[in-house]
Ligand SMILES: [Fe+2]
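Residue numbers (the working numbering), protein chains in the order written: chain A, -6 to 606; chain B, 1059 to 1209.
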């Protein structure tokens, strides 16, 4: 049979990416930031495309179709309309945006053809179609409701679609400017985090506060209807054509200015975070109910940037509206590249789809990025004159488990890099979850980031239910770390202090549970359930750690420091290893101990690329 | 708000953009001619700018004045707009070099705004909060063949 290749591309908004399919099978997918080392790089993903072609072993002329993940002219229409609406106030933003559109964004078709020397036609799916396809086609469901929620695509900001077999139809949409994603981003900005990348910090901050501003927000900023539709009160926002998300009226409503990025976090902003998180949870549940009514399906696929909000996902799973929920791990715009390609394969070409309707997560996900052979790695280690040991798999697990037990922190680099924002045991930093000050140590000394930020546990499948309260509808979410779960009461300590203490941040470092480093202040954890068939090496490491310590989990955080994309190559891993206080680096079968290294690595170039977020 | 010709593309907005862009181009061309006449130092290649300006003005205004003229409606408009953007893009680069994005931008923005007010486009339904709540999506939008189109 002749092979058909489809290349999907997403770019120019945030987090650009490429994905390649061969006869519908996902061969490779990666975000551009991992190659350019520029976090959330939105430029044309030329490096990611090169990787995809290389991995598939093909040339650009072998690609049958290239598909871009949204329709630029429709988006341009929205942007022009926005300026018309606010004229003459939006001039500063207009002067910034329009030249970029005229120079670059409108000519995406030409740019693709020129940069890739590609001669055939380029296809364009709609933004929410791409999101929906990225969730539905890799899902294990034959039929599902699909909810896609993000900042804004072309005009749509939210869509309810129906997926059936190889068909995908958008049924209803909410349109710009009424957007849950933009509402959440407005609060991200207000709390001093970077829009489009700091949203997960806002989510992490929420448990430290009380939702005391909820009524104020609902009465003034956003109207939430019973059918899950929302409408924003635009007099408080500036995103339509301004350079900022919110205006003075917004700040006046809460009586506080926006927090500046490095200012200390006060209780006020924590309460704001808690309030908007609770509203988000409620809106998502109401939207899901609406999707259920429209489609009558028992399964839900969820995508778009908002689908990465793990706290909301937990509330959604617990609501019981849907029996099963699936989220593809690259749920944001990066995943749009994958969705666009899948849409062409299934919806346009009508290829038959065989979803495995069982408990299996999709085998290809999420390890879709580059991998490196032991020969390549050894060559690099020799090049730098580093001190290393080579180990068999069994020795490696034993050694790592011992070191973890000694409270050492390990950089774990194995197999193909993850597609999507979470590190899932391929490019991870791992540690012992038991100690009370591991969270602080890892935040401040390894990741160089805010001390309130929580860490996630990676737990052996066999023990997941012994530690966490996982609703059955979350079974497709937990392998990808896409939902928070409550830690079972029997493992929690000093529970009373969670509720009674006013200044919750003072509770950091206090003994909170038997798995302190991964226990968030409200007793929740963003768990990753690790199964042997998904990631055998990572699973075996956990099993060995359990054998030695009776603790079936480790702390699992992404292998990077603050402001850096997750490491991609062994070279990136070496930089990160030497720049941080990671004790041990595992590169496939090679082990490097920090204390035995006499070589100093030149990090000047590497440091230049780190952008503080 | 299901319309028969629902394509999510508000052609009026794009048309306003084109008209104002054309007028801006014409002004710049005139400015550069005058400048060359009096000072003799203009670097602008103004002839294509004038031609594009006149052509597009003619086409856009004709399309606007005689909206039912089938030859001036979609998909001609779209093809023309693309062509027009393409040519003006090249010119744009020259213009930005000489006059600077900011000066041109301000002129353009003012014209854009004034044109929109004249055409009463400043009442965009979406943003004026007239379109809220769930919108039914017409079947046409879901035709897979749509992905062969730019919009
Ligand atoms: Fe999106």
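Every residue, glycine too, gets a C-beta built ideally from N, C-alpha and C.
Quantities reported herein were computed from a predicted structural model and do not represent experimental measurements.
Cβ separation of residue i and residue j, assumed to be a contact under 8 Å, to the nearest whole Å
i, j, result
"residue 59 of chain A", "residue 19 of chain A", "Not really, about 16 Å apart at Cβ, beyond 8 Å."
"residue 111 of chain A", "residue 330 of chain A", "Actually they are not in contact, since the Cβ atoms of residue 111 of chain A and residue 330 of chain A sit about 16 Å apart, beyond 8 Å."
"residue 66 of chain A", "residue 1201 of chain B", "Not a contact, Cβ separation roughly 18 Å."
"residue 549 of chain A", "residue 423 of chain A", "6 Å"
"residue 558 of chain A", "residue 194 of chain A", "With a Cβ gap of about 16 Å, residue 558 of chain A and residue 194 of chain A do not count as contacting."
"residue 182 of chain A", "residue 265 of chain A", "Not quite, the Cβ-Cβ distance comes to about 11 Å (not below 8 Å), so this is no contact."
"residue 1190 of chain B", "residue 154 of chain A", "20 Å between Cβ atoms; not a contact."
"residue 432 of chain A", "residue 509 of chain A", "7 Å"
"residue 615 of chain A", "residue 300 of chain A", "Only positions -6 to 606 of chain A appear in this structure, which leaves residue 615 of chain A out of reach."
"residue 254 of chain A", "residue 202 of chain A", "Incorrect: roughly 19 Å between the Cβ atoms, too far for contact."
Where the alpha helix (DSSP H) containing residue i begins and where it ends
i, result
"residue 108 of chain A", "101 to 109"
"residue 206 of chain A", "Premise fails: residue 206 of chain A is in no alpha helix (DSSP H) and is neither H nor E."
"residue 125 of chain A", "120 to 129"
"residue 190 of chain A", "Unbroken run through residue 190 of chain A: none, as it is neither H nor E."
"residue 294 of chain A", "No alpha helix (DSSP H) holds residue 294 of chain A; the beta strand (DSSP E) holding it covers 292 to 296."
"residue 309 of chain A", "303 to 312"
"residue 398 of chain A", "386 to 398"
"residue 11 of chain A", "Element bounds for residue 11 of chain A: not the alpha helix (DSSP H) but the beta strand (DSSP E), 10 to 15."
"residue 27 of chain A", "26 to 29"
"residue 529 of chain A", "529 to 542"
"residue 563 of chain A", "563 to 572"
"residue 641 of chain A", "The structure shown does not extend to residue 641 of chain A, since chain A spans only -6 to 606, so no value can be given for it."
"residue 330 of chain A", "326 to 336"
Own chain residues within Cβ distance below 6 Å of residue i, not counting five before or after
i, result
"residue 150 of chain A", "167, 169, 172"
"residue 109 of chain A", "53"
"residue 599 of chain A", "568"
"residue 1061 of chain B", "Note on residue 1061 of chain B: pLDDT 40, under 50, position unreliable in the model; no value is reported."
"residue 157 of chain A", "136"
"residue 0 of chain A", "13, 56, 59"
"residue 1206 of chain B", "none"
Residue i burial status per 10 Å Cβ neighbour count (16 or more: buried)
i, result
"residue 488 of chain A", "exposed"
"residue 537 of chain A", "buried"
"residue 345 of chain A", "exposed"
"residue 376 of chain A", "exposed"
"residue 215 of chain A", "buried"
"residue 236 of chain A", "exposed"
"residue 325 of chain A", "buried"
"residue 288 of chain A", "buried"
"residue 554 of chain A", "buried"
"residue 250 of chain A", "exposed"
"residue 286 of chain A", "exposed"
"residue 609 of chain A", "Given that chain A is displayed from residue -6 to residue 606, the structure contains no residue 609 of chain A and the question cannot be resolved."
"residue 359 of chain A", "buried"
"residue 99 of chain A", "buried"
"residue 123 of chain A", "buried"
"residue 385 of chain A", "exposed"
"residue 594 of chain A", "exposed"
"residue -6 of chain A", "exposed"
"residue 388 of chain A", "exposed"
"residue 504 of chain A", "exposed"
"residue 351 of chain A", "Only weak support exists for where residue 351 of chain A lies, its pLDDT of 44 falling under 50; the coordinates are left without a value."
Proximal residues to residue i (C-beta, below 8 Å), its chain only, five neighbours per side dropped
i, result
"residue 144 of chain A", "150, 172, 174, 175, 178, 189, 298"
"residue 291 of chain A", "315, 316, 317"
"residue 535 of chain A", "451, 452, 453, 523, 545, 546, 547"
"residue 246 of chain A", "209, 213, 214, 229"
"residue 69 of chain A", "94, 98, 99"
"residue 226 of chain A", "213, 214, 215, 216"
"residue 180 of chain A", "195, 265, 266, 269"
Host beta strand (DSSP E) of residue i (start-end)
i, result
"residue -2 of chain A", "-2 to 3"
"residue 405 of chain A", "403 to 406"
"residue 98 of chain A", "That residue, residue 98 of chain A, is in no beta strand (DSSP E); it is neither H nor E in DSSP."
"residue 151 of chain A", "149 to 157"
"residue 441 of chain A", "Note, residue 441 of chain A: premise wrong, no beta strand (DSSP E); not H, not E."
"residue 215 of chain A", "215 to 217"
"residue 317 of chain A", "317 to 319"
"residue 451 of chain A", "449 to 453"
Beta-carbon proximity list for residue i, same chain, < 7 Å, skipping 5 on both sides
i, result
"residue 268 of chain A", "204, 205, 206, 207, 210"
"residue 623 of chain A", "The requested residue 623 of chain A does not occur in the structure, where chain A is confined to residues -6 to 606."
| Any heavy atom of ligand 1 within less than 6 Å of residue CB: hits in chain order | A/120, A/124, A/143, A/146, A/297, A/298, A/326
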